Amino acid sequence: MLDLHFLDFDRLGSNDHIFLENPQQVLRLPNAQQRSARLLDLNYYLPCRVANRVGAGARTVAVIGLGRTDDGDFLSSEDMEVLSSLAGYIGIAIQNAQLYRRLEQKITEFEQLKEFHENIVESIHIGVFAVDLNDRIESWNAQMEVMYAKPRAEAIGQPLAAIFPADFIARFDSVREGHAAQGTHTLYKFRLALPTGETRVANIAIAPLMTRDFAVVGRIILVDDITDRIELEAQLTQAEKLSSIGLLAAGVAHEVNTPLAVISSYTQMLAKHMRPMMAQDARLSPVLEKITQQTFRASEIVNGLLNFSRTGGTEFASVDLNKLLLDTLTLLDHQFRAANIRIETALDRSLPRIHGNEGKLQQVVLNLLLNARDAMHGQSNARIWIATEHSAGRVVAVIQDFGGGIEPEHLHRIYDPFFTTKTKPRNGQHKGTGLGLAVSYGIMQEHGGKMQAESQVGVGTTFRLEFPAAALRSTQPVEGAPAGEAIHAAAGSI
């Protein structure tokens, strides 16, 4: 390696150039530097200087080395002046090249950092968008595109009021103008209406968008869709409620069963011994019959409690849901014909099988169909729509009636034990126990499924049963209900 300390113009204080008359013999230099001078074999060294970045003075960024002319002569003073000027330009050119290289490197680092930050914003499962001081949308991440069904190109540059509903704009304006204008404000469980007509529940955080100098340049809004989370929490709450009531119900049912059996037995014995008296007094027979009927009624409620509280010991097997639905319709065929209810089916022929207990699943379908029948009692042109479908590993059965529907204030309580809307049954109806849907909900939970209800007063009710698909698919053909069959089900009035 060459020792070039003799060319350190900044340290040596040389202002112009270095001249070596005989590079092969520079005795004033140390041995290592003499060797370097001999190897270079140059007579002139000119510094290429540029101004210091900080403070006064200049610094050397390069050195030009020259030998003699082609004729072997030394350079003239005019030659040296030209070369000194040229060295200055070369120094500036080198400095510019270094600055450009550093700038290019900084741009690359900035682009990488920007891409990294954008990837973070795009990858999170929370909608993120920003608006400027004029409430125009400046950014719109991928989750907002999915949630709001609006591409980024259509959202950016648009006024906030052109995208979001009026209730959100009102809350946004109140946050911006209120006491929380300089801090983060959260709209908890805000019901956000989407352009698709769907309403989602979201926690929306609104915060000022600031520069490093703490100047507000806009707002950043985070939209966390918690609709599914709320549904899961509601299901967990319902499951815990049913579990607690189930333990109580089991104890109560067993305690009540014994006196009920005694009352029923003694009532029947009393009726047998009082036949001669009843022949003389017609008032006695209806009284004893009423006692017997109410005893059976109480027994029916107790059996419902036992079914509600019974857990474990269920054998699961592969179940053809289409066949189960058709078999259940066959069981109720006479009742539906008598009630002049028409059944319409649309069963998916390629429906995968599910894993479950056929008896318990039939109990769920029976409860829904009987509720549907009662909901449309006395209604002309009554009908029930039953359909199956599958997608993404899920098997779905839909039971829809077109009866009176369920009041909105009652819809969230339909799975509560002992809650019923059939407190005053009409002729031909039975008073509800309030256990049918509670038991059905528990059975669906046991099968890893979901049970959802939608209802509109005066229009009807739809129950949606969703199951995980089993590995095997059903290969049996599906036959729909015969045309004109007088069957219909209403899953609306509980």
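Numbering-wise (this note's numbering), the sequence shown opens with residue 1047 and increments by one. All residues carry an ideal CB built from backbone N, CA and C; glycine is no exception. Here the structure is a predicted model, which is why all the values come from computation and not from measurement.
- Where Ser1082 is concerned, there is no enclosing beta strand (DSSP E), although the alpha helix (DSSP H) around it starts and stops at Asn1077 to Leu1086.
- Within its own chain, the residues whose Cβ lies closer than 6 Å to the Cβ of Ala1253, once the five positions on either side in sequence are excluded, are Thr1230 and Ile1266, listed in chain order.
- Taking C-beta atoms as the reference points, Val1444 and Leu1367 fail to come closer than 8 Å.
- Per DSSP, the beta bridge partners of Ile1389 are Ile1430.
- In this structure, DSSP gives Met1256 an extended state, which the three-state scheme calls strand.
- The C-beta separation of Leu1132 from Ser1082 comes to about 24 Å, leaving the pair out of contact by the 8 Å criterion.
- Checking the DSSP bridge columns, you'll see Gln1498 partnered with Arg1510.
- Closest in C-alpha terms to Ala1097, from the list Asp1125, Phe1065, Ile1389 and Ile1140, comes Ile1140.
- An exposed status is given to Met1047, since fewer than 16 other beta-carbon atoms sit within 10 Å of its beta-carbon.
- With a threshold of 16 other beta carbon atoms within 10 Å, Arg1114 falls short and is exposed.
- In the same chain as Met1320, and ignoring 5 residues on each side of it, the C-beta atoms closer than 7 Å to its own belong to Leu1330, in chain order.
- Proximity to Ile1432 across Asp1116, Leu1511 and Phe1065 peaks at Leu1511, based on C-alpha coordinates.
- In the three-state reduction of the DSSP assignment, Phe1448 falls in the coil class.
- Cβ-Cβ distances below 6 Å link Ala1239 to Pro1211 and Thr1245 in the same chain, with the five nearest sequence neighbours on each side left out; the list follows chain order.
- In this structure Phe1214 is buried. Its beta-carbon is surrounded by 16 or more other beta-carbon atoms within 10 angstroms.
- Ile1400 places its beta carbon 8 Å or farther from that of Ala1285.
- Within its own chain, the residues whose Cβ lies closer than 6 Å to the Cβ of Gln1498, once the five positions on either side in sequence are excluded, are Arg1510, listed in chain order.
- The beta-carbon separation of Glu1335 and Leu1370, rounded to 37 Å, does not stay under the 8 Å limit for a contact.
- Take Asn1303, set aside five residues on each side of it, and the residues of its chain with a beta-carbon closer than 6 Å to its own are Val1348, in chain order.
- Ile1267: member of the beta strand (DSSP E) spanning Val1262 to Asp1271, first to last residue.
- Looking only at Leu1407, Ala1385 and Arg1388, the smallest Cα-Cα distance to Val1365 is reached by Leu1407.
- In this model, Leu1073 and Asp1116 are separated by some 26 Å (Cα to Cα).
- Each residue's CA atom was taken as its position, placing Arg1095 and Val1107 some 6 Å apart.
- Residue nearest to His1493 within the set Val1505, Phe1362, Ser1396 and Asp1271 is Phe1362 (criterion: CA-CA distance).
- Here Tyr1461 has Gln1284, Leu1483, Ala1484 and Tyr1487 as same chain residues with Cβ atoms under 7 Å from its own Cβ, once five neighbours each way along the sequence are excluded.
- Between the C-alpha atoms of Gln1189 and Val1174 there is a straight-line separation of about 7 Å.
- Inclusion of Val1100 and Leu1053 in the CB contact set at 8 Å is not warranted, their separation being larger than that value.
- Of the candidates Ile1452, Gly1439, Leu1372 and Glu1279, Ile1452 places its Cα closest to the Cα of Asp1420.
- Taking a cut-off of 8 Å for Cβ pairs, the segment 1273-1284 and the segment 1177-1188 do not touch, as fewer than three such pairs fall below it.
- Spatial neighbours of Glu1301 in its own chain (CB-CB distance under 7 Å, excluding positions within 5 residues in sequence) are not present.
- In this structure, the CA atom of Ala1216 is about 20 Å from the CA atom of Gly1203.
- In this chain, the alpha helix (DSSP H) harbouring Tyr1487 covers Gly1482 to Glu1492.
- Assigned with DSSP and collapsed to three states, Gly1405 falls in helix.
- Each residue's CA atom was taken as its position, placing Asp1327 and Val1333 some 11 Å apart.
- Setting aside the 5 residues that flank it on each side, Arg1105 is surrounded in the same chain by Asp1056, Arg1095, Val1096 and Asn1098, each with a C-beta closer than 7 Å to its C-beta; the list follows chain order.
- Restricting attention to Asn1427, Pro1398 and Val1410, the CA atom closest to the CA of Ile1389 is found in Asn1427.
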